[in-house]
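Numbering (this note's numbering), first residue to last: 1 to 89. The C-beta atom is built at its ideal place from N, Cα and C for all residues, glycine as well.
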Amino acid sequence: MSLVRKQKVLSFCVGIAGAGAAYVSTQKLIWQHAADLADHSRGSPPPGGIKTKHTLVDEHYREQAIRQWNQAVDKTFRPVVEALSKRNL
């Protein structure tokens, strides 16, 4: 292996080790500060009131989407099902 290639490999390894050390050091610092903040806070916030279940889609539209999905699946796979039925599979 040439001297230049050895130097590149060594530099790469030193860079990776330095980045790893910086990452671990930063993570330790973040967790330490988070623990300090948790110790100084009064505790967890009080729970909110009773939460109602909010749906993203109205029930009517949900049923319509389910129906359309099932129709599309039936239309797509009907030939496959018929072909397998003819072969008794």
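Our two residues, A38 and K6, have alpha carbons roughly 48 Å apart in a direct line. Secondary structure at S41: coil, using DSSP grouped into helix, strand and coil. Rounded to whole angstroms, the separation of the alpha carbons of A22 and S41 is 28 Å. Going by DSSP, N70 is part of the alpha helix (DSSP H) stretching over 59-86.
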